[in-house]
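Take a look at the structure set out below.
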Amino acid sequence: MSRLGKRPLPIPSGVTVEVNGDAVNVKGPKGELSLPVHPTIEVAVADDSINVARNSEERIARAMHGTSRQLLQNMIHGVTQGFSKELEIVGVGYNAKIQGSKLVLAIGFCHPVDFQVPEGIKCECPENTKIVISGPDKQAVGQFAANIRAVRKPEPYKGKGIRYKDEVVRRKQAKSFGA
């Protein structure tokens, strides 16, 4: 039995959970999320808790048991408090700004890099070198932040590029000339 999977998930007030066949819908103050459930997993909603169980002892069922419970917990956390990622831009002349529903990055290329902000995600630039991405879907917020970072990853010699707020960039020593 999965140690995480067998624990019931409490449903906070203001959140509604519905099980529709092979999908679970969670609604809350920050939005609405849906999760397709694997056929070997059964989700039951009691009074104010969710129970996740598996209907077989196959390897995939054992693997998906704890995973499904954790995904449901992330959904509940997302619709109540939300998730956010902060990015920092380091480099002379590097900056970001929001234009309508697009994020425009000037990061050392001969052209600005545009990103369409996905639906359900809020993107803001409190400063021109900081980007804050927030939303109820943990996977979508993390993926959008990773896509932005992938355009100009921090390089190891000067540390220029786009990095997560708490990311530590390993620095390399430059080549030394002489005998």
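By the count of my numbering, the sequence shown reaches residue 1119 at its end, each step adding exactly one.
Each residue gets a CB set at the ideal place from its N, CA and C atoms; glycine is no exception.
Whole angstroms are fine: how far does the CA of residue j sit from the CA of residue i?
| i | j | result |
| --- | --- | --- |
| residue 1113 | residue 1094 | 15 Å |
| residue 1108 | residue 1102 | 12 Å |
| residue 1084 | residue 1070 | 15 Å |
| residue 968 | residue 1023 | 14 Å |
| residue 954 | residue 960 | 20 Å |
| residue 1135 | residue 1042 | The chain is shown from 941 up to 1119; residue 1135 falls before or after that span and cannot be answered. |
| residue 958 | residue 943 | 24 Å |
| residue 1081 | residue 1016 | 15 Å |
| residue 1054 | residue 1040 | 11 Å |
| residue 988 | residue 1019 | 16 Å |
Buried or exposed, going by whether 16 or more other CB atoms sit within 10 Å of the CB of residue i?
| i | result |
| --- | --- |
| residue 1063 | buried |
| residue 984 | exposed |
| residue 1076 | buried |
| residue 1091 | exposed |
| residue 986 | exposed |
| residue 994 | buried |
Tell me where the beta strand (DSSP E) around residue i begins and ends.
| i | result |
| --- | --- |
| residue 974 | 971-976 |
| residue 956 | 956-960 |
| residue 1032 | Segment: none, residue 1032 is in no beta strand (DSSP E) and carries neither H nor E. |
In terms of DSSP beta bridges, what is residue i paired with?
| i | result |
| --- | --- |
| residue 1054 | 1044 |
| residue 991 | 984 |
| residue 1111 | Partner(s): none; residue 1111 has no beta bridge. |
| residue 1027 | 1071 and 1104 |
| residue 948 | Note: residue 948 sits in no beta bridge, so no partner. |
| residue 1065 | DSSP, once it has assigned bridges, lists no residue as partnering residue 1065. |
Would you please verify whether the beta carbon of residue i is less than 8 Å from any beta carbon of chain B?
| i | result |
| --- | --- |
| residue 967 | As a matter of chain content, chain B is missing from the structure shown, which is built from one protein chain. |
For the alpha helix (DSSP H) that residue i lies in, which residues bound it at each end?
| i | result |
| --- | --- |
| residue 1086 | 1078-1091 |
| residue 1003 | 999-1020 |
### Message
Measuring CB atoms only, is the segment 996-1008 touching the segment 1034-1054, in the sense that at least three cross pairs come out at less than 8 Å?
### Response
No, the segment 996-1008 does not touch the segment 1034-1054.
Note to self: Taking 8 Å as the cut-off, does the segment 1011-1019 touch the segment 944-955 (at least 3 CB pairs, one atom from each stretch)?
What the structure shows: yes
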